[in-house]
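A quick write-up on the structure given underneath.
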Amino acid sequence: MKMQSLTLKALGMILLLSATMYAEEFAFHNKTKEPVSIALGSAHNPPTLNDLQEVGPNKITQGIVNISKDDAAQLLLVLNNDVKFVFQLNSAPGKAVKLKLTTSLLNGKIDLEPQIALNNIKKDEIVLIGAGSI
Numbered sequence: 058m059k060m061q062s063l064t065l066k067a068l069g070m071i072l073l074l075s076a077t078m079y080a081e082e083f084a085f086h087n088k089t090k091e092p093v094s095i096a097l098g099s100a101h102n103p104p105t106l107n108d109l110q111e112v113g114p115n116k117i118t119q120g121i122v123n124i125s126k127d128d129a130a131q132l133l134l135v136l137n138n139d140v141k142f143v144f145q146l147n148s149a150p151g152k153a154v155k156l157k158l159t160t161s162l163l164n165g166k167i168d169l170e171p172q173i174a175l176n177n178i179k180k181d182e183i184v185l186i187g188a189g190s191i
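Start counting at 1 in the sequence shown, then tack on 57, and there's your number in my numbering.
As structure tokens, then:
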């Protein structure tokens, strides 16, 4: 009986946590000619340089972003092992987060924008919140 009670308590905690956590599909496509590094996190648990993973030219990485109801996903982007950008992804829970990094042919400017996908984040929901040198 005691074991059954512990199992029910554990199940209740899992249900409570799952009700407050959202898992969002994440995809990042590096459409530039240079490798970049990225890390995922949230406003409550920001991405760090220790979590960086390299994404080569024209490569895609996928994963899950876990956030709570009052949180927002964040993306740390590092270019040339020197310049870092932190973006906050202010999308509603349950939206996909499928991003692409492109380079403009006219001025060589790098741009982070949504991929074309159903229920994806919108351009105005991608907010640059920090930039600097490592």
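We put the CB at the ideal spot given by N, CA and C, even for glycine.
These numbers come from a predicted model, not from an experiment.
Rounded to the nearest angstrom, the gap between the Cα atoms of T89 and N115 is 6 Å. Pairwise C-beta distances place the segment 164 to 179 out of contact with the segment 97 to 109, as fewer than three of them are shorter than 8 Å.
Setting aside the 5 residues that flank it on each side, K152 is surrounded in the same chain by E81, N176, N177, I178, each with a C-beta closer than 7 Å to its C-beta; the list follows chain order. A residue is called buried when at least 16 other Cβ atoms come within 10 angstroms of its Cβ; Q131 meets this threshold and is buried. When T118, F83, L106, I124 are compared, the shortest CA-CA separation from V143 is found for L106. The Cβ-Cβ distance between Q145 and I173 does not fall below 7 Å.
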